[in-house]
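Residue numbers for the sequence shown follow the UniProt record's numbering, beginning at 1 and rising by one.
Backbone N, C-alpha and C define an ideal beta-carbon position, used for all residues, glycine too.
Please read the structure below before turning to the comments.
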Amino acid sequence: MNAQPDHAALTTLVNRFFRSLDERRIDEEWARTYLTDDVRTVTPIGTTEGAAATVRHTATALGRFARTQHVATGVLVDGDPATGHATVSWNAVMTHVHHDATLRQRGAGATPLFTVGAHYETDVVRTPAGWRFHEMRIEPVWTTGEPPVLPEEAHGRTEA
1 MNAQPDHAAL
11 TTLVNRFFRS
21 LDERRIDEEW
31 ARTYLTDDVR
41 TVTPIGTTEG
51 AAATVRHTAT
61 ALGRFARTQH
71 VATGVLVDGD
81 PATGHATVSW
91 NAVMTHVHHD
101 ATLRQRGAGA
111 TPLFTVGAHY
121 ETDVVRTPAG
131 WRFHEMRIEP
141 VWTTGEPPVL
151 PEEAHGRTEA
């Protein structure tokens with residue numbers, strides 16, 4: 001099997017996945033398009049097991065911002081896609097635009113953007129419907145700006 005078509009398909013999977021985050025189409029159809037049913041995600045704000053939990057987690061995380069822009073670069077495919085399994089990694093810059101309410105809570109001088117540079121490491125599997133993410137790990141490398149106001153902060157409580 002020629003690895004070039006698989007590499008192109010996996011790069012397209014990454015790019016469409018990132019575009020879908022910015023378009024806020026996070027639902028069961030989204031999960032079927034990008035994830036295995038037993039997907040595992042490890043992010044700076046939590047770990048999820050299963051597609052339904054990942055949908056809820058992703059929708060909640062994105063909902064903390066007015067808009068986002070996710071940019072992927074340097075997609076690398078390791079392993080032999082002919083086996084139906086591969087590792088796909090890439091660098092990402094994720095820009096998050098705060099809600100006006102967040103800026104008001106942060107006060108004068110609050111910056112409207114929270115930007116994260118990260119490294120994505122994923123395991124993918126070929127399903128009858130095409131390539132899907134089976135495991136996803138997001139490792140932040142740097143940030144600028146402040147993260148969103150979380151619910152516990154909004155109520156004057158911060159839990160350790």
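Presumed contact (8 Å Cβ cut-off) between residue i and residue j, rounded CB distance
i	j	result
residue 10	residue 77	5 Å
residue 111	residue 93	Actually they do not touch by this definition, with Cβ atoms about 16 Å apart.
residue 128	residue 6	Incorrect: roughly 15 Å between the Cβ atoms, too far for contact.
residue 16	residue 62	With 8 Å as the limit, residue 16 and residue 62 do not qualify as a contact, their Cβ atoms being about 16 Å apart.
Beta carbon of residue i nearer than 8 Å to that of residue j
i	j	result
residue 47	residue 87	no
residue 149	residue 95	no
residue 22	residue 69	yes
Residue i (DSSP reduced to helix, strand or coil)
i	result
residue 21	helix
residue 139	strand
residue 11	helix
residue 54	helix
residue 101	helix
residue 159	Caution is warranted here: a pLDDT of 31 is assigned to residue 159, below 50, making its placement in the model unreliable, and the coordinate value is therefore given only provisionally. Here residue 159 sits in coil by DSSP.
Per DSSP, the bridge partner or partners of residue i
i	result
residue 78	87
Practice prompt. Taking 8 Å as the threshold, find out whether the segment 37-45 comes into contact with the segment 128-140 through three or more Cβ pairs.
Written response: yes
Worksheet item: Given 8 Å as the limit, is there contact between the segment 126-133 and the segment 24-43, that is, 3 or more CB pairs closer than that?
Response: yes
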